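Enquirer: Below is the structure I would like to discuss, written out as structure tokens.
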Amino acid sequence: MSQPRFHRPAMLSFEDAEKIEGDSDPAAAALVAMTSARALLGLADDEFGDNAVQKLVVAIQEEGVDIVSDLWERSPAFTLPGALWRLYLLNEWYQRDSIKVHERFVEGLNAPFTAGMDDAKPRPETPDDAEFFERLNELMTGAGCADLSKLLRDAALVMRILASGATFGTTWIRTDKDRLANMVTRRARALIETAKELDEAAIRSENGRLI
């Protein structure tokens, strides 16, 4: 079944996107960020067609999502590339040290409270962390995503659980020189704030306003 096609004015062609260097044109860079984010989901439009999408997905599969992820970093959290940037950081943390992330997840599950959540309200169903990170990595390796809204909501809950473990309040990215150092990753408190942003992104995704 062919992918749905969306029309969005002023979208860059694949060839034009390849010509942009650095931050010489912030508006064009924002369009490239959106184009690459949509392409990761397999979405084509009138200006960035199926062939271009497939070409970029193949490049991501062969070379890694790093070839486009830096384009997303400056995107607002309520946009698709901004949400993908936050998912990318979480995935990179897990790929770097899956054992430590799992241990911290278990600590969070056993904590007396879940950080950033109202204890008076029932907690959503907790995803299995291994299954969740498998789905997340599939997205980041160009294998697609069956339900982006659910993935965003699960990511938000996972981040809150990770922030609830015995290591709450400590850093997991300890130096500004670390390639994952970012305002959304430095401390457990940042995980809670990022979880809020991902919940908002999930709402926008459900309403068709994220992409």
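Going by the numbering used here, the letters in the sequence shown line up with residues 1 to 211, in that order. Glycine residues also receive a C-beta, built at the ideal position from the N, C-alpha and C atoms. Just so you know, these numbers come straight off a predicted model, no measurement behind them.
If you drop the 5 nearest sequence neighbours on each side, which residues of the same chain put their C-beta closer than 6 Å to that of I60?
Expert: Counting only Cβ-Cβ distances below 6 Å, and skipping sequence neighbours, we find G142.
Enquirer: Would you check if the distance between the CB atom of R153 and the CB atom of A83 is smaller than 9 Å?
Expert: The answer is no: Cβ separation not under 9 Å.
Enquirer: Whose CA, out of K121, Y94, E200, lies closest to the CA of A156?
Expert: Here the closest residue by C-alpha is E200.
Enquirer: Which whole-angstrom value describes the C-beta separation of S69 and L148, a residue pair presumed to lie in contact below a C-beta threshold of 8 Å?
Expert: About 17 Å separates the two Cβ atoms, so there is no contact after all.
Enquirer: If you measure between the beta carbons of R38 and I211, is that distance less than 9 Å?
Expert: Yes, Cβ-Cβ distance for R38 and I211 is below 9 Å.
Enquirer: DSSP on W85, reduced to helix/strand/coil?
Expert: In the structure shown, W85 sits in a helix (DSSP, three-state: H, G or I).
Enquirer: Using the C-alpha atoms, what's the distance from L198 back to R86?
Expert: Whole-angstrom Cα-Cα distance: 8 Å.
Enquirer: Apart from the five residues on each side of it in sequence, which residues of its chain come closer than 8 Å, Cβ to Cβ, to L136?
Expert: Around L136: L87, L90, N91, Y94, L151, A155.
Enquirer: Can you check whether the CB of E107 is closer than 9 Å to the CB of G165?
Expert: A contact, by the Cβ cut-off of 9 Å.
Enquirer: How many Å lie between L109 and A33 at the Cα?
Expert: Approximately 35 Å, taken between the alpha carbons.
Enquirer: If you run the structure through DSSP and keep just helix, strand and coil, what is A195?
Expert: Reduced to three states, the DSSP call for A195 is helix.
Enquirer: Using only CA atoms, which one of V65, A120, P122, C145 lies nearest to F132?
Expert: Minimum Cα distance to F132 is reached at C145.
Enquirer: For N207, tell me which candidate among V57, S36, T79 has the shortest Cα-Cα distance.
Expert: The residue with the shortest Cα to Cα distance from N207 is T79.
Enquirer: Whose C-beta lies closer than 6 Å to the C-beta of D139 among residues of the same chain, with five residues either side of it excluded?
Expert: The sequence shown places Leu at residue 139, not Asp. These residues qualify, in order along the chain: C145.
Enquirer: Output yes or no for whether 9 Å exceeds the beta carbon distance between V53 and G42.
Expert: Cβ distance < 9 Å, so V53 and G42 count as in contact.
Enquirer: Could you give the DSSP three-state label for G165: helix, strand or coil?
Expert: Coil at G165, not helix or strand.
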